[in-house]
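Enquirer: Numbering (my numbering), first residue to last: 539 to 642.
No residue lacks a Cβ here, since even glycine has one placed at the ideal position from N, Cα and C.
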């Protein structure tokens, strides 16, 4: 799925095995100028994936626009920023369904 963030298209990866919104530091570095100014520092937490452990460096809020023929959906989720993840886009876990009442 593709969404609009800051007037540009970005991959929106839905992962039923994830429980939160996630974005990799590497992806932010490559696609968002000065994103660090929007970072909310938090205590480092460890996340597990099939490829190993990853460490969070904080959170960032990004407005997402999901286009739909019946009308766009705007979300303002808080993404956990992972230091050592290699995700090419914004990964969305199952929490978005509960938080925003979206059914896929």
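Quick check on residue 626: does DSSP put it in helix, strand or coil?
Expert: In the three-state reduction of the DSSP assignment, residue 626 falls in the coil class.
Enquirer: Kindly give me the distance between the Cβ atoms of residue 577 and residue 555, rounded to whole angstroms, as I take these residues to be in contact under 8 Å.
Expert: The pair is not a contact, with the Cβ atoms about 25 Å apart (cut-off 8 Å).
Enquirer: Which same chain residues, not among the five before or five after residue 622, have their C-beta less than 7 Å away from its C-beta?
Expert: 592, 593
Enquirer: For residue 615, is the classification buried or exposed, using 16 other Cβ atoms within 10 angstroms of its Cβ as the cut-off for buried?
Expert: In this structure residue 615 is buried. Its beta-carbon is surrounded by 16 or more other beta-carbon atoms within 10 angstroms.
Enquirer: Name, in chain order, the residues that DSSP records as bridge partners for residue 592.
Expert: 585
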